[in-house]
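**Q** The listed protein sequences correspond, in order, to chains A, B, C and D.
The first sequence: position 62 = 62 (the UniProt record's numbering), numbered continuously.
The second sequence: position 19 = 19 (the UniProt record's numbering), numbered continuously.
The third sequence: position 172 = 172 (the UniProt record's numbering), numbered continuously.
The fourth sequence: position 89 = 89 (the UniProt record's numbering), numbered continuously.
Beta carbons are placed, not taken as given, at the ideal position from N, Cα and C, and that holds for glycine.
The structure that follows is given in the form of structure tokens.
There are 4 protein chains.
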Amino acid sequence: MLDALKKEVYEANMLLPEYHLITFTWGNVSGIDREKGLVVIKPSGVEYEHLKPSDMVVVDLEGRVVEGDLNPSSDTATHVELYKAFPNIQGIVHTHSPWAVSFAQAGRSIPAAGTTQSDYFYGDIPVTRAMKESEIVTEYEKQTGTVIIETFDEKGLSPEEIPGVLVNDHGPFTWGTSAKNAVHNAVVLEQVAEMTYHSLQLNPFDIRMDQVLLDKHFKRKHGKDAYYGQTKK
Amino acid sequence: MLDALKKEVYEANMLLPEYHLITFTWGNVSGIDREKGLVVIKPSGVEYEHLKPSDMVVVDLEGRVVEGDLNPSSDTATHVELYKAFPNIQGIVHTHSPWAVSFAQAGRSIPAAGTTQSDYFYGDIPVTRAMKESEIVTEYEKQTGTVIIETFDEKGLSPEEIPGVLVNDHGPFTWGTSAKNAVHNAVVLEQVAEMTYHSLQLNPFDIRMDQVLLDKHFKRKHGKDAYYGQTKK
Amino acid sequence: MLDALKKEVYEANMLLPEYHLITFTWGNVSGIDREKGLVVIKPSGVEYEHLKPSDMVVVDLEGRVVEGDLNPSSDTATHVELYKAFPNIQGIVHTHSPWAVSFAQAGRSIPAAGTTQSDYFYGDIPVTRAMKESEIVTEYEKQTGTVIIETFDEKGLSPEEIPGVLVNDHGPFTWGTSAKNAVHNAVVLEQVAEMTYHSLQLNPFDIRMDQVLLDKHFKRKHGKDAYYGQTKK
Amino acid sequence: MLDALKKEVYEANMLLPEYHLITFTWGNVSGIDREKGLVVIKPSGVEYEHLKPSDMVVVDLEGRVVEGDLNPSSDTATHVELYKAFPNIQGIVHTHSPWAVSFAQAGRSIPAAGTTQSDYFYGDIPVTRAMKESEIVTEYEKQTGTVIIETFDEKGLSPEEIPGVLVNDHGPFTWGTSAKNAVHNAVVLEQVAEMTYHSLQLNPFDIRMDQVLLDKHFKRKHGKDAYYGQTKK
């Protein structure tokens, strides 16, 4: 079942080493079939060179395995929570990409400092608060999703406009309109983390871009007035 | 029409991924036929692996498409402004190369700190002022060109001697005697941004090179007394 | 003799250039046959491209060559000391990988700042004290082992829980359940050194993760309650 | 004439791009035939991909071209000065490798901070003073050699023990027992520049290694008591 989605999720997972976003097995990509309410995700701890489309695991929105011989990613419960809370996202990526992790370990968000970020993210890329003991000891992976959702709720952020987050002392999650689009956003997040890290060393006090420039670049590429790229016919 | 220029501009665009100056489609190169007053430029948002010479778009000096089935780069109006204001340049490059963007986001110019820079740039590589709201909301891409030109005017800089600039909170534009020479200068700018970033961390207060050394290196490679390389016969 | 172990140690050595952990010949991997009390180690100063399994040298636990035409690694005495003091380790790696060396030269441990580290190291990765003159001038390589062992003793650390160390002003040693597992830990150490270096620049004062998160991630992958990866059948 | 030396110098030049020490044509390697008093050096400004052994230029110790159709490297006079002042060196390399240039632009030497450096350099890698106007405007390349020699004289350094230097606001020169050995030292210098840059950010005030450890590592690999590597038979 879901062979096309398995193939897409497999291919999206294979983009992680291609874009240098992962070391060893430190990452996973999933995609969702919204009609069936089923999520396809990478198995846990399998090396990328041995991965094949049929290894992808199918889980339902309770995180129960519906199909597949392997254990799903240990982060499955986080993915499931996000799919339930953010109804418009179709794919999710988690990695330990080094620049994003550097900000996550420092407990700092990535400020919107230039047009590279605002072409994809409509503002800062937030960092979650540290998780509480009770959240860590019980249902940790599910609570990781909960703290992400809380971050977006409390800051009034839209997951369509800010397609990614840093989990405190852990690393980035990104999402998008498909599994591959979520990988695309993971690449952008890693790239802006690298550039803004250096900008912060050059200018620690005044790094945020003007709101009007932020608006311009985001809306040039997103929404009804977008004019970047080729018109879809 | 302009098949030779299209081929050169295509090849110059393909150098951007080869020199690691771009991620995804974040860059564009153009070239100009000064006699005909026509600019050849990369189409907007097309992936480099799918690009071919015939995809290049021809526009006039009003930015109107004269030939080509695809939309030209969204930055076309910036290129056109620069070609009109700087009559001796023949090619232009825009990228989001990470070290150059790090300075642009910090709103800092790249000081002339060593001979690598002064072999190609006769002084600091300037950063523009932040753009005003009125410039961003109306004809943004054209105004991006205007603010670059203003920067060169106000500082009394020559675009032949300083073949590049950082647009504030955005990224680098470089130019040169051909599309490929403009890419060459984009590589130099990225390289000196990387090196001078580190020099600034090692020595924040006294980084600029002596004027006499700056003169020596620039003039060793440029102008009537140049003696670097092989004599053109 | 020990042909299987020689092959494994050879292959583990060849992973060092593959993972970009070494320049030239600046690294070595060994493995031990605990029953026979014999250590297999890379020869000294042989270029990786010329290395073959039969070049591996066999030494006993006094560091005496038992088999092999080449001199063993100049660091052999360090490996032997560690095998004697840490009875559960089966492989050892030494490199001059750049991020790890950056911390070693600064005389700083790598604080446990995020889950990437705590998936493999149950706490900070310690740095040894500087070696004393007497330790350097006599039996230097053996004393390098002694100062590592002292570090673990004095801090009450377990070599199974913290499978690596930084030797002051020198570089990293890691170990593990096999020669290849020791290389795996060398990759992790280098990666967390890189990330935590940047986190420290972003947040110099409050970088350590909560103990409960540290516990959670280490125990998710190690010990009787581990649930990461696929069940071994 | 000197075909074997031309081949060796050619091959040593080709190592520069292989070890990522250069961008474009920003580097050159030479070798000397001490008996004949002739230096073989890369031609000026020729791209590496087009270089061949027969392009190498032969000059005498006055810097006059003895054989070859191309102009020698513009840095030839610097090489010649060093060969005359340092009678035991057989090969010289100049690059603009980025980490070394970062220190040169900052006007800072690379302190001996760890064993990687002291395996090859018996102390700090010095930076020259800034060159005077008179030195820059007349015989600049020759005077670049003079200021290097002055640095070694004034500090009482041995070019055999410290096989490299940073020219202020310019970049590194290294040398060695052959053209290829000089490239080897250029790689070491770049690597220790990178590592010690980061160590200085982690610990700005106390970075130098103990003299006794410096002695130990240098002498383990150099001089009559060396015991690293395989005995030459």
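With N28/B as the anchor, note down where its beta strand (DSSP E) starts and where it stops.
**A** Looking up residue 28/B in the second sequence gives position 28. Element bounds for N28/B: G27 to D33.
**Q** Beta-carbon of L70/B versus every beta-carbon of chain A: anything under 8 angstroms?
**A** Reading the second sequence from its first residue, position 70 is the one you call residue 70/B. It does; some Cβ of chain A falls within 8 angstroms.
**Q** Can you tell me which residues form a DSSP beta bridge with D60/A?
**A** Translated into the one-based positions of the first sequence, residue 60/A becomes position 60. DSSP lists L38/A as partners of D60/A.
**Q** Starting from the C-beta of V101/B, find all residues in its chain whose C-beta is less than 6 angstroms away, skip the five residues before and the five after it, and write them out in chain order.
**A** Mapped onto the second sequence, residue 101/B falls at position 101. If we look at V101/B and ignore the five residues flanking it on each side, its Cβ neighbours are G171.
**Q** Please name the residue, chosen from V46/B, A130/B, A113/B and E49/B, that lies closest to Y122/B on a Cα-to-Cα basis.
**A** Position 122 of the second sequence, counting from 1, holds the residue named residue 122/B. Ranking V46/B, A130/B, A113/B and E49/B by Cα distance to Y122/B puts A113/B first.
**Q** Kindly give me the distance between the Cβ atoms of S109/B and L166/B, rounded to whole angstroms, as I take these residues to be in contact under 8 angstroms.
**A** On the second sequence, residue 109/B is found 109 positions in, with the first residue counted as 1. On the second sequence, residue 166/B is found 166 positions in, with the first residue counted as 1. The Cβ separation is near 7 angstroms, so the contact holds.
**Q** Using a C-beta to C-beta distance shorter than 7 angstroms, which residues of chain C count as neighbours of V101/D?
**A** On the fourth sequence, residue 101/D is found 101 positions in, with the first residue counted as 1. Result: empty, since nearest Cβ-Cβ is about 17 angstroms, beyond 7 angstroms.
**Q** Which word fits K224/B, buried or exposed, when buried means at least 16 other C-beta atoms lie within 10 angstroms of its C-beta?
**A** Residue mapping note: residue 224/B aligns to position 224 of the second sequence, counting from 1. Exposed.
**Q** Taking C-beta pairs closer than 9 angstroms, name the residues in chain B that V57/A reaches, listed in chain order.
**A** Along the first sequence, read from residue 1 onward, the residue named residue 57/A stands at position 57. The contacting residues do not exist; V57/A stays about 30 angstroms from chain B at best.
**Q** Could you give the distance in angstroms between the alpha-carbon of E67/A and the alpha-carbon of T144/A?
**A** Here residue 67/A refers to the residue found at position 67 of the first sequence. Here residue 144/A refers to the residue found at position 144 of the first sequence. Whole-angstrom Cα-Cα distance: 24 angstroms.
**Q** Measure the beta-carbon distance from P163/B to N185/B and round it to whole angstroms, keeping in mind my assumption that it falls under 8 angstroms.
**A** Sequence index remark: in the second sequence, residue 163/B carries index 163 (1-based). Sequence index remark: in the second sequence, residue 185/B carries index 185 (1-based). At roughly 5 angstroms, the Cβ-Cβ gap stays under 8 angstroms, so P163/B and N185/B are in contact.
**Q** Pull up the distance between the alpha-carbon of R64/C and that of D153/D, whole angstroms please.
**A** Working through the third sequence from its first residue, we reach residue 64/C at position 64. Working through the fourth sequence from its first residue, we reach residue 153/D at position 153. Answer to the nearest angstrom: the Cα atoms are 45 angstroms apart.
**Q** Thinking C-alpha only, which one of Q201/B, V39/B and Y19/B is nearest E8/B?
**A** Counting from 1 along the second sequence, the entry for residue 8/B is found at position 8. Considering only alpha carbons, the answer is V39/B.
**Q** Would you grab the beta carbon distance between L214/B and M131/D for me? Rounded to a whole angstrom, and I think it's under 8 angstroms.
**A** Your numbering for residue 214/B matches position 214 in the second sequence. Your numbering for residue 131/D matches position 131 in the fourth sequence. 12 angstroms between Cβ atoms; not a contact.
**Q** Is the beta carbon of N13/A less than 8 angstroms from the beta carbon of K52/A?
**A** Working through the first sequence from its first residue, we reach residue 13/A at position 13. Working through the first sequence from its first residue, we reach residue 52/A at position 52. No. Outside cutoff.
**Q** Report yes if the C-beta distance between V80/C and V59/C is below 8 angstroms; otherwise report no.
**A** Residue mapping note: residue 80/C aligns to position 80 of the third sequence, counting from 1. Residue mapping note: residue 59/C aligns to position 59 of the third sequence, counting from 1. Against a cut-off of 8 angstroms, the Cβ pair of V59/C and V80/C comes out as a contact.
**Q** What residues in the stretch 173 to 202 of chain B bring their beta carbon closer than 8 angstroms to a beta carbon of chain A?
**A** Answer in chain order: Y197, L200 and Q201.
**Q** In angstroms, rounded to a whole number, what distance separates the CA positions of H96/B and E35/D?
**A** Within the second sequence, the letter at position 96 stands for residue 96/B. Within the fourth sequence, the letter at position 35 stands for residue 35/D. Their backbone Cα atoms lie some 53 angstroms apart in a straight line.
**Q** State the CB to CB distance for the pair K221/D and D119/D, rounded to an integer number of angstroms; the pair is presumed to be in contact (CB under 8 angstroms).
**A** Here residue 221/D refers to the residue found at position 221 of the fourth sequence. Here residue 119/D refers to the residue found at position 119 of the fourth sequence. Yes, they are in contact, since the Cβ atoms of K221/D and D119/D sit about 5 angstroms apart, within 8 angstroms.
**Q** Which stretch, first to last residue, makes up the alpha helix (DSSP H) that contains G145/B?
**A** As a working mapping, residue 145/B is identified with position 145 in the second sequence. Segment Y140 to K155, the alpha helix (DSSP H) holding G145/B.
**Q** Find the nearest neighbour of Q191/C within the set L2/C, A226/C and Q117/C, judged by alpha-carbon distance.
**A** Residue mapping note: residue 191/C aligns to position 191 of the third sequence, counting from 1. When only C-alpha atoms are compared, the closest one is Q117/C.
**Q** Going by DSSP, what residues sit across from I92/B in a beta bridge?
**A** Taking the first residue of the second sequence as 1, we reach residue 92/B at position 92. BP columns for I92/B point to S30/B and W175/B.
**Q** Nearest-angstrom Cα distance between S199/A and E194/D?
**A** Locating residue 199/A in the first sequence gives position 199, counting from the first residue. Locating residue 194/D in the fourth sequence gives position 194, counting from the first residue. One C-alpha to the other measures close to 20 angstroms.
**Q** Against G45/D, what residues of chain E qualify as contacts under a CB-to-CB distance less than 7 angstroms, listed in chain order?
**A** Going by chain labels, chain E is absent from the structure shown, which instead holds the protein chains A, B, C and D.
**Q** Using a Cβ-Cβ distance under 8 angstroms, would V212/A count as near chain B?
**A** The residue labelled residue 212/A in the question sits at position 212 within the first sequence. Answer yes: the Cβ-Cβ gap between V212/A and chain B drops below 8 angstroms somewhere.
**Q** Please say whether F173/B and H50/B have beta carbons closer to each other than 8 angstroms?
**A** The sequence position of residue 50/B within the second sequence is 50, counting from 1. The sequence position of residue 173/B within the second sequence is 173, counting from 1. In this structure, F173/B does not lie closer than 8 angstroms to H50/B by Cβ.
**Q** Listed from N- to C-terminal order along the chain, which residues in the stretch 87 to 98 of chain C have their beta-carbon within a distance smaller than 9 angstroms of any beta-carbon of chain D?
**A** Result list: H96 and P98.
**Q** CA-CA distance, L157/D and T78/B?
**A** The residue given as residue 157/D occupies position 157 in the fourth sequence. The residue given as residue 78/B occupies position 78 in the second sequence. Those two C-alpha atoms are separated by around 54 angstroms.
**Q** Measuring CA to CA, which of I89/A, M1/A, G229/A and T25/A is closest to G229/C?
**A** Residue 229/C sits at position 229 when you count from the first residue of the third sequence. Checked all of I89/A, M1/A, G229/A and T25/A; the closest Cα to G229/C is T25/A.
**Q** Between K233/A and the rest of its own chain, which residues show a CB-CB distance below 6 angstroms, the 5 nearest in sequence each way excluded?
**A** Sequence index remark: in the first sequence, residue 233/A carries index 233 (1-based). Residue placement at K233/A cannot be trusted, given a pLDDT of 44 that sits under 50; what the coordinates show is reported in the next sentence. Hits under 6 angstroms: none found.
**Q** Can you pull out the residues from the stretch 138 to 172 of chain A whose beta carbon lies closer than 8 angstroms to at least one beta carbon of chain C?
**A** Answer set for the stretch 138 to 172 of chain A: Y140, D169, H170 and G171.
**Q** Taking the C-alpha atoms as reference points, what is the distance between V57/A and G37/A?
**A** Numbered from its first residue, the first sequence carries residue 57/A at position 57. Numbered from its first residue, the first sequence carries residue 37/A at position 37. Going from the Cα of V57/A to the Cα of G37/A covers about 14 angstroms.
**Q** Under the assumption that V137/D contacts L15/D (Cβ atoms under 8 angstroms), give the Cβ distance between them as a whole number of angstroms.
**A** Locating residue 137/D in the fourth sequence gives position 137, where the first residue counts as 1. Locating residue 15/D in the fourth sequence gives position 15, where the first residue counts as 1. Actually they do not touch by this definition, with Cβ atoms about 34 angstroms apart.
**Q** Using beta carbons (cut-off 8 angstroms, strictly below), is R220/D in contact with chain C?
**A** For the purposes of this step, residue 220/D is taken as residue 220 along the fourth sequence, with counting starting at 1. So yes, R220/D belongs to the interface.
**Q** Output the distance between the C-alpha atoms of D55/C and L5/C, rounded to the nearest integer angstrom.
**A** Residue mapping note: residue 55/C aligns to position 55 of the third sequence, counting from 1. Residue mapping note: residue 5/C aligns to position 5 of the third sequence, counting from 1. Cα-Cα distance, rounded: 12 angstroms.
**Q** Work out the CA separation of N168/C and K216/D for me, nearest whole Å.
**A** Within the fourth sequence, the letter at position 216 stands for residue 216/D. Within the third sequence, the letter at position 168 stands for residue 168/C. C-alpha separation (whole angstroms): 14 angstroms.
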